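Notes follow the structure.
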Amino acid sequence: MTDTFDLSEASDEFLAAPARLTIDLTAVANNWRDMAKRSGKARAAAVVKADAYGLGIEDVGRTLYHAGARDFFVAVPAEGATLRAYAPEARIFVLSGTWPGAEHFFFDYDLVPVLASEEQLAFWMSAVAEHGDHPCALHVDTGFNRLGLSIEEALALADDVSRPASFSPVLVLSHLACADDPSSPMNRQQLESFRRVSAAFEGIDSSLSASAGIFLGPEYHFDLTRPGIAIYGGEAVTGVANPMRPTIKAEARILQIREAKAGESVSYGASLKLARDSRLAIASAGYADGYQRSASGSGVGLRQTGIAGAHGFIAGHRVPVAGRVTMDLTIFDVTDVPANAIAAGDYIELFGPNMPLDDVAHAAGTIGYELLTSVGLRYERHYNETE
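Read in the UniProt record's numbering, the sequence shown has 87 at position 87, and its numbers run on one by one without any break.
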């Protein structure tokens, strides 16, 4: 099998970087194809908001467009404007909708606002009356209590024969609150509510499911699905083996390996007291790079107190974080790695194919989404593509 994290084509800057990201664009494309297949009769869009979940909207957008994606979702208009150059014929939906002063993005870059309130509806109807017909989408809240028209507002709009002819919704959508928990009764409640809305907008495409919702089965798929985290290799459904391919490897260079004695303390606050003579690897990444401070705490001497924390991976071994993660540096306990197997200058995998993203996120008390979207600007990037 081809090593999709191979570095044979990497730049000298990447090979010498203190912290680096290898991004497997082939895995990104294959994960999207997988979710498109799981979507059955529905088309699969691609969610590329937050700089494609931290992987880079330009490279990821181009890759997914070439893989066949023709519907994209971004969070804000500027993301859509950036994406347009890489997805020239795609429909690009902007989930935050529009407001006075931002309308030029939608007309200049042919973006589709997802309207979520009566105020946005009124403004958009005014804008298209002035600029001419332009597609929009409607976001209906079915129980999330975040963005969206109420069900009553949406049904009234569907029946409003006085709305201008230039008002042309092409999609009605909602969002599931508990899709990552297939046993939650909330999923069925939202499905039934959305069916009412979808039926009222007959002839207009409907969309309910993001990544986790796709796994709930065909009745949740409607006309268009919106896979996001699954495209990037993250866990969509809690407690179920993740079938997606890893897409990213984050590594930090070891700046020093030091010996420390039993009874000595490690890092800020001296919160870790070593229970044995130890070898510690100081790696060049910290919370300024998105390796969160909440990942602190693992290591010999803390395990007995129930404090967990994250692990890295090097030379075939999972190695625990020792003490607190700091702004620019993280300390790993490498005592159990043979001394001749690692040296200063080597790289520890923070998360990737050997140290799953969601394992690290869970150890830090968060989710893979947050870990991905928090990757800092100091990582040098290398994109692999094998097809």
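C-beta: ideal position from N, C-alpha, C; glycine also. Just so you know, these numbers come straight off a predicted model, no measurement behind them.
Leu-224 is a Cβ neighbour of Ala-42, given a cutoff of 9 Å. Taking the Cβ atoms as the reference, Phe-123 lies roughly 7 Å from Thr-98, within the contact range of under 8 Å. The Cβ atoms of Gly-61 and Val-76 do not sit closer than 9 Å to each other.
Under DSSP, Phe-93 takes part in a beta bridge, and its partners are Phe-73 and Val-112. Between Ser-11 and Glu-380, the CB-CB gap stays under 9 Å. If you compare the alpha carbons of Arg-378, Leu-357 and His-382 with that of Glu-370, the shortest gap goes to Leu-357. When the Cα atoms are used, Phe-222 and Leu-274 turn out to be separated by approximately 56 Å. Counting along the chain, Glu-380 sits inside no alpha helix (DSSP H); it lies in the beta strand (DSSP E) bounded by residues 380–384. The count of Cβ pairs closer than 8 Å, one atom from the segment 149–168 and one from the segment 194–207, reaches three, so the stretches are in contact. Secondary structure of Tyr-291 (DSSP, three-state): coil. In the structure shown, Pro-135 adopts extended strand secondary structure according to DSSP, grouped into three states.
If you draw a straight line from the Cα of Glu-13 to the Cα of Ala-19, it comes to about 11 Å.
Contact check for Gly-234 and Gly-368: beta-carbon distance about 4 Å, within the 8 Å limit, so the pair qualifies. CA-to-CA, the gap between Arg-163 and Val-140 works out to about 18 Å. If only uninterrupted beta strand (DSSP E) runs of at least 3 residues are considered, those enclosed by the UniProt domain "Alanine racemase C-terminal" (247–384) are 248–260, 278–283, 311–314, 317–320, 330–333, 347–351 and 380–384. In this structure the segment 179–191 does not lie against the segment 15–32, because fewer than three pairs of beta carbons, one per stretch, are closer than 8 Å. Bridge partners of Phe-167 according to DSSP: His-134.
Ser-206 places its beta carbon less than 9 Å from that of Leu-173.
If you look at Ile-23, you'll find it isn't in any alpha helix (DSSP H); it sits in the beta strand (DSSP E) that goes 19–24. Distance from the CA of Asp-328 to the CA of His-134, rounded to the nearest whole angstrom, comes to 48 Å. Pairing Phe-105 with Ala-288, the inter-Cα distance amounts to about 32 Å. Contact between the segment 345–356 and the segment 311–323 is present: 3 or more CB-CB pairs across the two stretches fall below 8 Å. As the crow flies, the alpha-carbon of Met-355 is around 33 Å from that of Phe-144.
For the options Ala-46, His-131 and Pro-353, the alpha carbon positioned closest to that of His-66 is the one of Ala-46. In this structure, Asn-384 sits near Phe-5, with a CB-CB distance shorter than 9 Å. A straight-line Cα-Cα distance of about 51 Å links Gln-120 and Ile-254. Rounded to whole angstroms, the separation of the alpha carbons of Ala-262 and Tyr-268 is 17 Å.
In the DSSP annotation of this structure, the continuous segment of the beta strand (DSSP E) that includes Asp-205 starts and ends at 205–207.
Rounded to the nearest angstrom, the gap between the Cα atoms of Ala-212 and Arg-276 is 44 Å.
Per DSSP, the beta bridge partners of Thr-225 are Ala-44. When DSSP reads this structure, Leu-173 sits in a beta bridge with His-139 and Ser-207. Gly-239 and Pro-182 have their C-alpha atoms spaced approximately 10 Å apart. According to DSSP, residue pairing for Leu-83 in a beta bridge does not occur.
Take the alpha-carbon of Leu-280 and the one of Arg-293: they are about 18 Å apart.
Of the residues Leu-55, Ala-69 and Thr-63, the one whose Cα lies closest to the Cα of Pro-227 is Ala-69.
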